[in-house]
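Student: One structure, pasted below without further comment.
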Amino acid sequence: MTTQTTASEIVIVGGGIYGASLAYQLAQAGKTVTLLEADDIAAGASGGSGERGVRANSRDLRELPIATVGFPLWTKYQEQFEGGVGYRRIGGLHLFNIPDGAHEHEVRGTMEAMTMVQNALGVSSQLLNRDETLEREPELSGDLIGSIYCRGDGVCDHTFATLAFAKQARKAGASLRTGTRVTEILHKKGRATGVGLTSGEVVPVGEKLVLLTNSGVLPLLKPVLQPQEILPVITQIPQMMYVTNPHDKKINHLLGHAYRKLSVKQIQDGTLMLSGGHSVAYSQAGRWKGSLRSTALGLADAIATLPFIDESSFLKVDASRVESCAIDGIPIVDTSAALQNTIYGFAWTGHGFAIALGFTKYLTDWIVGGEKPQALEVFSAKRFHEPFSN
Ligand SMILES: Cc1cc2nc3c(=O)[nH]c(=O)nc-3n(C[C@H](O)[C@H](O)[C@H](O)COP(=O)(O)OP(=O)(O)OC[C@H]3O[C@@H](n4cnc5c(N)ncnc54)[C@H](O)[C@@H]3O)c2cc1C
703 MTTQTTASEI VIVGGGIYGA SLAYQLAQAG KTVTLLEADD IAAGASGGSG ERGVRANSRD
763 LRELPIATVG FPLWTKYQEQ FEGGVGYRRI GGLHLFNIPD GAHEHEVRGT MEAMTMVQNA
823 LGVSSQLLNR DETLEREPEL SGDLIGSIYC RGDGVCDHTF ATLAFAKQAR KAGASLRTGT
883 RVTEILHKKG RATGVGLTSG EVVPVGEKLV LLTNSGVLPL LKPVLQPQEI LPVITQIPQM
943 MYVTNPHDKK INHLLGHAYR KLSVKQIQDG TLMLSGGHSV AYSQAGRWKG SLRSTALGLA
1003 DAIATLPFID ESSFLKVDAS RVESCAIDGI PIVDTSAALQ NTIYGFAWTG HGFAIALGFT
1063 KYLTDWIVGG EKPQALEVFS AKRFHEPFSN
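In terms of my numbering, the sequence shown opens at residue 703 and continues consecutively.
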């Protein structure tokens, strides 16, 4: 077994958007940083085809404070990094119809209440009636009654962004090592002292160990978790579909729907990306061909919302990226009782890309300042075992 002699102050495990953007911010703050990635940078949920939605609209209200801190950072780094981060602020529409069995006053009440609370929590939101919505998106279907418009929402080439942060982290002095899978956490007296790699090498930990390995967090933490530290997380594989745009229609916004599991984006080459639908059955490597069930349900929802898609041709389906999801739908960011110098963050539940820069800003504040920011309390794991703690 070999051991690296000098410990970096911070060892980050995981080279997705979380690990890469945190490595950049900490290196900028003057910390020595080593990042260990089992595969390549952006090999997990932060990589692959298409674009990710950067959306505050209709997000869990507990996440909005993180979004309001993180969204301006997408704009900042888009301008600051040479070549940007692949971010486009195009605005988002959350669409409403009156689904079977629902009452119109309830749907309209929901629209008004959501708009009001999003504005109160700092996310600029505008209630649009049917005509105002169709003015923005003429291709939408007839059953639409209106929408909530968030001008701060957008889309991002997630692979490009993750690679851009990795590049900038290296420039700022961080050491990013790929092909280095962590198999165990070595610890003494309640502190992580190093991590063991598959190669047998031990990488020592100076001040802090940060686990940002998505579905790989639980396997690393399991040996040290105390009985009360339950982390109720499942693993999911969301499916993305791509269809042609036969009549060169224009979709101007990031589109989501209140009652259909659907997210629509027009990507840079003009074709349409359909996601947000049903996940596929889990396999460790994902399922490149997706599933027929997920495809059928997703297409039906897409066509109900944008009827012209019925004339599109199917280009490809991609269900290759694995995501960890918490049972209450919001991330888990905490430190383990047995390892006081170890922070972990995962369970982004299918919508973690947009808020990554907000979380990694707070993680940087925590690591550099020494105090856990109040804004992260709501994401503590104690919510699963200390009733009403938040
Ligand atoms: C298909 C799909 C669509 C999505 N759409 C959206 C969207 O529209 N908007 C949005 O906001 N979010 C979306 N998400 C969620 C978002 O992409 C993820 O929440 C986010 O990318 C997670 O980033 P991460 O850095 O935590 O994880 P990852 O990108 O998965 O990175 C974790 C890394 O850790 C590495 N790793 C794992 N175990 C080990 C180990 N033992 N040792 C070393 N390295 C290890 C992995 O190889 C991986 O590279 C989507 C996710 C998927 C899968």
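C-beta atoms are modelled at their ideal positions from N, C-alpha and C, and glycine is treated no differently.
1. Mind checking whether the beta-carbon of residue 916 lies closer than 7 Å to any heavy atom of ligand 1?
2. Is it the case that the CB of residue 877 approaches a heavy atom of ligand 1 more closely than 7 Å?
3. With 16 as the cutoff for other CB atoms within 10 Å, does residue 831 come out buried or exposed?
4. Let me make sure I understand the geometry here. Which of 978, 839, 1078 and 1055 has the alpha-carbon closest to that of residue 1045?
5. Verify the contact flag: residue 847, CB atom, against every heavy atom of ligand 1, threshold strictly below 7 Å.
6. Just to confirm, are residue 1064 and residue 914 a CB contact at a threshold of 8 Å?
7. Just to confirm the assignment, what range does the beta strand (DSSP E) spanning residue 894 have?
8. Regarding residue 1055 and ligand 1, is the C-beta to nearest heavy atom distance less than 7 Å?
9. Among residues of its own chain, excluding the 5 on either side of residue 746, which ones have a beta-carbon nearer than 6 Å to its beta-carbon?
10. Is it a yes or a no for the segment 795 to 803 touching the segment 957 to 971, going by three-plus beta-carbon pairs under 8 Å?
11. Taking the CB atoms as reference points, tell me whether residue 816 and residue 847 lie closer together than 8 Å.
12. I'd like the ranges of any beta strand (DSSP E) spanning at least 3 consecutive residues and lying wholly in the segment 808 to 833.
13. Under 7 Å: does the beta carbon of residue 1146 sit that close to some heavy atom of ligand 1?
14. Quick check: is any heavy atom of ligand 2 less than 7 Å from the C-beta of residue 922?
15. Go ahead and label residue 773 buried or exposed: buried means 16 or more other beta carbons lie within 10 angstroms of its beta carbon, across all protein chains shown.
16. Would you call residue 1013 buried or exposed, if buried means 16 or more other Cβ atoms sit within 10 Å of its Cβ?
17. Let me confirm a value: residue 1007 is counted as buried when at least 16 other C-beta atoms fall within 10 Å, else exposed. Which label applies?
18. Taking 7 Å as the cut-off, is the C-beta of residue 860 nearer than that to any heavy atom in ligand 1?
19. Output needed for residue 689: all residues of its chain with C-beta closer than 8 Å, excluding positions within five of it in sequence on either side, in chain order.
20. According to the Cβ coordinates, are residue 956 and residue 855 closer than 8 Å?
21. In the DSSP assignment, find the beta strand (DSSP E) that holds residue 1099 and state where it starts and stops.
22. Per DSSP, residue 1020 is paired with what?
23. For residue 710, which beta-bridge partners are listed by DSSP?
24. Taking C-beta to C-beta, are residue 1060 and residue 792 nearer than 8 Å?
25. Only counting the same chain, and skipping five residues up and downstream in sequence, which positions put a Cβ closer than 8 Å to that of residue 724?
26. Using the C-alpha atoms, what's the distance from residue 970 back to residue 814?
27. Hey, how far is the Cα of residue 900 from the Cα of residue 894?
28. Should the segment 987 to 1002 be regarded as contacting the segment 1034 to 1049, the criterion being three or more beta carbon pairs within less than 8 Å?
29. Do residue 842 and residue 945 have their beta-carbon atoms positioned less than 8 Å apart in this structure?
30. Can you determine whether any heavy atom of ligand 1 sits closer than 7 Å to the C-beta of residue 884, and answer yes or no?
31. With distances taken Cα to Cα, identify the nearest neighbour of residue 1058 among 1042, 1074 and 1032.
32. Suppose you measure from the CA of residue 990 to the CA of residue 752; what does that come to, to the nearest Å?
33. Thinking C-beta only, is residue 953 closer than 8 Å to residue 968?
34. Flag this pair as touching only if the segment 822 to 840 and the segment 730 to 743 have three or more C-beta atom pairs under 8 Å; answer yes or no.
35. If I measure Cβ to Cβ from residue 1074 and keep anything under 7 Å in the same chain, skipping five residues before and after, which residues do I get?
36. Roughly how many whole angstroms lie between the Cα atoms of residue 1053 and residue 992?
Tutor: Judging by the given coordinates:
1. yes
2. no
3. exposed
4. 1078
5. no
6. no
7. 893 to 899
8. yes
9. 718 and 916
10. yes
11. no
12. 828 to 831
13. Since the first and last residues shown for the chain are 703 and 1092, residue 1146 lies out of range.
14. This structure simply doesn't include ligand 2; it includes ligand 1 instead.
15. buried
16. exposed
17. buried
18. yes
19. Outside the modelled stretch of the chain, which goes from 703 to 1092, sits residue 689, for which no answer is possible.
20. yes
21. Past the edges of the chain, shown from 703 to 1092, lies residue 1099, and the structure says nothing about it.
22. 942
23. 907
24. no
25. 714, 912, 914, 1062, 1065 and 1066
26. 33 Å
27. 18 Å
28. no
29. no
30. yes
31. 1032
32. 14 Å
33. yes
34. no
35. 1068
36. 19 Å
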